[in-house]
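Read through the structure below, which is laid out as C-alpha cells, and then see the notes.
There are 2 protein chains.
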Amino acid sequence: MASQKPRLTRELVLSAALELVDDEGLDALTMRRLGQVLERDPMSLYRYAENRAALLDGVSELVLNELAIFPSDPDWKAQLRRIAHDLRLLALRHPNVIPLLVTRPLSTPLGMRPLGTVRPLEQILALLIDAGFAPTDALHVYRAYYGFLYGHILNELQEYIVDPEENEALLRLGLHRLPAKDFPRLRALAPVLADYDGEAELDQGITILLSGLEAHLYRGVPATP
Amino acid sequence: MASQKPRLTRELVLSAALELVDDEGLDALTMRRLGQVLERDPMSLYRYAENRAALLDGVSELVLNELAIFPSDPDWKAQLRRIAHDLRLLALRHPNVIPLLVTRPLSTPLGMRPLGTVRPLEQILALLIDAGFAPTDALHVYRAYYGFLYGHILNELQEYIVDPEENEALLRLGLHRLPAKDFPRLRALAPVLADYDGEAELDQGITILLSGLEAHLYRGVPATP
DNA sequence: CGCGTAAAGTCTACATCGTAGAGCAAGTGT
DNA sequence: ACACTTGCTCTACGATGTAGACTTTACGCG
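The listed protein sequences derive, respectively, from chains A and B.
Under our numbering, the first residue of the first sequence is numbered 1, with each subsequent residue one higher.
Under our numbering, the first residue of the second sequence is numbered 226, with each subsequent residue one higher.
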C-alpha cells in the first residue's frame, strides 16, 4: 500500500500548503483540504499553526525565504537591482501568494510579523547603511525602493495572463468588452498591452529610481565603482 | 415605529457595504451582516450583486469613484502629483478597502473589471497623450507612476497605526519583540519609524519619479511652464 | 377599478468552513 | 511497569455563501 505516513513537521505542513496555493489558489487552502493532502485529520494541523491566519503567515514566510540578500555587498545599487529582479521572478513563480505578501502586513504591526517577512527589511537596511548611508536616509531609500518594487510586481501580475498562447486573444477579448466610447485609448493600446516586457520595464524603473535617489539624497555615497 | 424600509438600490447596498467595511473591516462584510444593517433578508442582496465577490468589486468601484481626474489639464506633472495625493488621502480614508483595490485585479483580466476601476487608467492615458506623449510612452509612464503610487500607499498603510496616541508605544512594543541580535538596525530606527510623514515622502518620491521619467523619455514633452 | 405580470423580498435548506474540547495512541524517561 | 508528554483523531457547533421555491409588493393596461 501507499507510503506510511511520516511524522508531520512545520516545514512539511507549510510546504504542502504552499504547493496547494501555487496549484489551486489561495481559496483552495482550507484546513480540511490541507489535511487531506497530508492524509491527516485537519485538526492535526493546529499543532503546527495556531490559526488559518498563522498558516498563511507561514506560507508568506516560506516564500520570502526564497529571496537571497547579501547585505555585505558594497555595490548597493547592483545589489538592489539584483534583488528586484529576484523578487520579480519569485512573484512569477508564486503569483497566488502575492496577495498574502501584500495584504497581511496591513493588518499586522511590524513587530508582530513572522520574522522571515521582516528580515529582508533589516538586511536591506544593513546593505544601505554599510554602503555609507545614514540610517535615516537608508530608511527613506528602502521605502522608495520597496514601494516601487511592490508596485511594479502588482502591476505586472495584473496584466499577466496565465496561458501564454491565448494571451493576446484573451486580452483583446477582455478589452473588447469595454465600451468603445468611454475607453478609446485603452482599446487602442491593446496590441501594446499584449506584449508586456516586465523585466525590461522593471529594470528601467529601477534605473530611474536609483539615479534619482542618488541625485536627491545626501552625497558621499559612492556610485558603482 | 422606525423608518419604513425604503426600496433598496444598488447604490444603497454598496454604500452600506462600504460603511461596514470602513467601520469594522473586510471580514465584517458578510451577506448576513449587511442584510441586517439594511433590515432585509440577506438573500435580497443578490438582486444587486451576483456574488459576494461582485459586491466587493462594487465597493472598490465606489471608492475609486471618489477620485477625481481631469484629463484635459495640460500640466500633466502637476495633475499626476495632485492625483497621487488625492489617492493617498482616499487610502487613508478607507484603509480597509485597499486590500480589495490591490488584490481583486490580480484575479480579474483587464476587460472584465468593474468599469469604475478601469476608468482611472483610461483617464490618465488621456491626460498623458493629450500632453504630447506617444501612446506607448504614455502607457510606460502610467505603469511606472501607478506602480510607485500603489507601492507607496501599501508602504504607508503598513506603518500606519490607528491610534495616534499609542502610536509610538505600539511601535516600540512591536519592535521590542524582535530579537535584538538579528534586527539591530531596525530596532535602532524605532524613533524614526514612529514619526513617518507619508505626505512628504510621497511628494519627494513623485518628484524623483517624474523628473526621472522626463529625463529618460522622449523629449518634446513640455515641462511645467 | 381590477387584475395579471413582473420585480422585490423572504424562507428554508444545504454544503462547507474554522475551530473548541475531549479523547486515543504511541513513544519516552525513570 | 508506570506515569507523562506529544502527536493525532473524533465529534460537534456556529457561521458563512448561496440555490430554489415561495410570498409579497408595485405597476401597467384593459
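Beta carbons: idealized from backbone N, C-alpha and C, even for Gly.
Residue i versus residue j - alpha carbon distance
| i | j | result |
| --- | --- | --- |
| PRO345 (chain B) | PHE295 (chain B) | 10 Å |
| ASP75 (chain A) | ALA131 (chain A) | 7 Å |
| ALA413 (chain B) | ASP137 (chain A) | 13 Å |
| GLY25 (chain A) | LEU18 (chain A) | 9 Å |
| GLU50 (chain A) | VAL37 (chain A) | 19 Å |
| VAL288 (chain B) | HIS319 (chain B) | 8 Å |
| GLU393 (chain B) | LEU178 (chain A) | 47 Å |
| ILE98 (chain A) | SER211 (chain A) | 28 Å |
| MET112 (chain A) | LEU396 (chain B) | 10 Å |
| LEU259 (chain B) | MET268 (chain B) | 10 Å |
| ASP57 (chain A) | LEU427 (chain B) | 28 Å |
| LEU411 (chain B) | PHE133 (chain A) | 14 Å |
| ALA190 (chain A) | PRO360 (chain B) | 11 Å |
| THR108 (chain A) | SER72 (chain A) | 29 Å |
| ASN321 (chain B) | ASP311 (chain B) | 17 Å |
| HIS441 (chain B) | PHE183 (chain A) | 28 Å |
Residue i - DSSP class collapsed to helix/strand/coil
| i | result |
| --- | --- |
| ALA131 (chain A) | coil |
| GLU439 (chain B) | helix |
| ALA415 (chain B) | helix |
| ARG172 (chain A) | helix |
| THR255 (chain B) | coil |
| TYR146 (chain A) | helix |
| THR432 (chain B) | helix |
| THR108 (chain A) | coil |
| GLU426 (chain B) | helix |
| ALA68 (chain A) | coil |
| ASP182 (chain A) | coil |
| ALA274 (chain B) | coil |
| GLY260 (chain B) | helix |
| THR9 (chain A) | coil |
| ARG344 (chain B) | helix |
| ALA241 (chain B) | helix |
| PRO99 (chain A) | helix |
| HIS319 (chain B) | coil |
| ALA82 (chain A) | The sequence given here places Arg at residue 82 (chain A); Ala does not occur at that position. Correct three-state label for ARG82 (chain A): helix. |
Any chain A beta carbon closer than 7 Å to residue i
| i | result |
| --- | --- |
| THR361 (chain B) | yes |
| THR328 (chain B) | yes |
| GLN348 (chain B) | no |
| PHE358 (chain B) | no |
| VAL288 (chain B) | no |
| ARG232 (chain B) | no |
| ALA351 (chain B) | yes |
| THR423 (chain B) | Before going on, a small fix: residue 423 (chain B) reads as Gly here, not Thr. So, not an interface residue. |
| HIS319 (chain B) | no |
| PRO267 (chain B) | no |
| LEU281 (chain B) | no |
| GLN383 (chain B) | yes |
Neighbour flag for residue i against chain B, beta carbons, 7 Å
| i | result |
| --- | --- |
| GLU168 (chain A) | no |
| THR224 (chain A) | Legend: pLDDT at THR224 (chain A) = 46, less than 50; position of this residue unreliable, value from coordinates given subsequently. No, no contact with chain B. |
| PHE148 (chain A) | yes |
| ILE208 (chain A) | yes |
| PRO71 (chain A) | no |
| ARG185 (chain A) | yes |
| MET112 (chain A) | yes |
| ASN51 (chain A) | no |
| ALA91 (chain A) | no |
| SER3 (chain A) | Residue placement at SER3 (chain A) is flagged as unreliable, the pLDDT there being 48, under the threshold of 50; the coordinate-derived value follows with that caveat. Not an interface residue. |
| HIS85 (chain A) | no |
| VAL13 (chain A) | no |
Buried versus exposed, by CB contacts within 10 Å (16 or more), residue i
| i | result |
| --- | --- |
| LEU237 (chain B) | exposed |
| ASP195 (chain A) | exposed |
| PRO225 (chain A) | Because the pLDDT at PRO225 (chain A) is just 43, under 50, the model does not fix this residue reliably, and the value given afterwards should be weighed accordingly. Its Cβ having fewer than 16 others within 10 Å, PRO225 (chain A) is exposed. |
| TYR145 (chain A) | buried |
| ASP23 (chain A) | exposed |
| LEU340 (chain B) | exposed |
| THR255 (chain B) | exposed |
| ARG88 (chain A) | buried |
| LEU173 (chain A) | exposed |
| GLU347 (chain B) | buried |
Supposed close pair residue i, residue j - CB separation, criterion 8 Å
| i | j | result |
| --- | --- | --- |
| TYR273 (chain B) | ARG306 (chain B) | TYR273 (chain B) to ARG306 (chain B), Cβ: 37 Å. No contact. |
| LEU400 (chain B) | LEU110 (chain A) | 6 Å |
| TYR147 (chain A) | GLY376 (chain B) | Looking at the sequence itself, residue 147 (chain A) is Gly, so the reference to Tyr does not match. That pair is a contact at about 3 Å. |
| ILE208 (chain A) | LEU434 (chain B) | 7 Å |
| LEU382 (chain B) | ALA316 (chain B) | 6 Å |
| LEU128 (chain A) | TYR142 (chain A) | 7 Å |
| LEU139 (chain A) | LEU125 (chain A) | 7 Å |
| TYR342 (chain B) | GLU286 (chain B) | For the sequence presented, residue 342 (chain B) should be read as Thr rather than Tyr. Yes, they are in contact, since the Cβ atoms of THR342 (chain B) and GLU286 (chain B) sit about 6 Å apart, within 8 Å. |
| ARG265 (chain B) | LEU233 (chain B) | 6 Å |
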